[in-house]
Amino acid sequence: SQTVRNVSVVPNPTLNQLKLQVLCPGESAVAGKDTAPYGKTGTPTNRTAGSSFNVTVNLVDANWNFYNDGLAVGATVQINKPTKPESDPYGIYPSSAALCYGTKQFLVTLIRAETSQIVVEDVDGAGELYEQNISPEVTTVPGSPTKLQILVPNETPVQGSGKTGAVQNQTAGLGYTVTVRACDNNWNLVITTAPTVSVTSNDSYAQIETAHALTQGATTFTVSLRRR
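Residue numbering for the sequence shown follows the numbering used here, starting at 86 and increasing by one per position.
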């Protein structure tokens, strides 16, 4: 007979095979996993716009084994804005910081209600030593409704900052459409609320549709102003 002995497997510390791993809430590291999602399991859980959450950055070898580099001050890494150009430009991302014994948590706040990705990069002054890592898509949902937004002709809503566009002059007596939206603190549309709203004007002769409820967080009113 033969005696089977336990074999200890240690990470491969070869410098050119070390890389970074980013883990969002809902994800857990799995050393050696060579199928998607590589080196991890789970799916990022939804985040609420404006609420901070931690992402974990690990230093790993080519096979996703955690590598404790033994350094209290290790590689300097940066959590960057999402890789998709159209993604959350208003997100709040932390300053670069050094890994500590091969790991570090970073606080991130996403602002726009959309899907985003998070990228971690090595930003040491000597040049990038470790391969970057990009998260799966993280879905950010609106926060609680806190305010109403009114949009007049030529104004366009912008989640995260409010709106854009210069107000256009209107002709006295001609009707035009204004839009009312329910928003969270960061101007994300909240479709789950349906309060009854009204539009008023300092033009005492204005003709405005009567109050009615929002549908899917928004509604429109026809407005006709009479006075200059």
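Beta carbons are placed, not taken as given, at the ideal position from N, Cα and C, and that holds for glycine. It should be emphasised that the depicted structure is a prediction, and the values quoted were computed from it without experimental measurement.
Where the beta strand (DSSP E) containing residue i begins and where it ends
i	result
residue 261	261-268
residue 253	Per DSSP, residue 253 belongs to no beta strand (DSSP E) and is neither H nor E.
residue 162	161-165
residue 278	Taken as a continuous stretch (DSSP letters only), residue 278 belongs to no beta strand (DSSP E), as it is neither H nor E.
In DSSP terms, what residue i is bridged to
i	result
residue 142	107 and 189
Minimum C-alpha distance to residue i - residue among the options
i	options	result
residue 289	313, 278 and 301	313
residue 153	132, 189, 179 and 236	189
residue 136	182, 274, 262 and 197	197
residue 110	243, 149, 125 and 182	125
residue 231	148, 271 and 193	271
residue 302	282, 293, 276 and 283	276
residue 297	265, 173, 143 and 185	265
residue 206	187, 161 and 235	161
residue 247	267, 283, 219 and 262	267
residue 258	281, 177 and 292	292
residue 309	300, 299 and 294	294
residue 279	287, 299 and 262	299
Reduced DSSP category for residue i - H, G, I as helix; E, B as strand; rest coil
i	result
residue 292	strand
residue 158	coil
residue 309	strand
residue 137	strand
residue 300	strand
Complete beta strand (DSSP E) runs within the stretch 95-135 (minimum length 3 residues, chain order): You should have 104-108, 112-114 and 125-127.
Kindly provide the ranges of any beta strand (DSSP E) runs that are 3 or more residues long and lie completely inside the stretch 179-250, ordered along the chain. Counting whole runs of 3 or more residues, the stretch 179-250 contains the beta strand (DSSP E) stretches 188-194, 204-207, 223-226, 232-236, 241-243 and 247-249.
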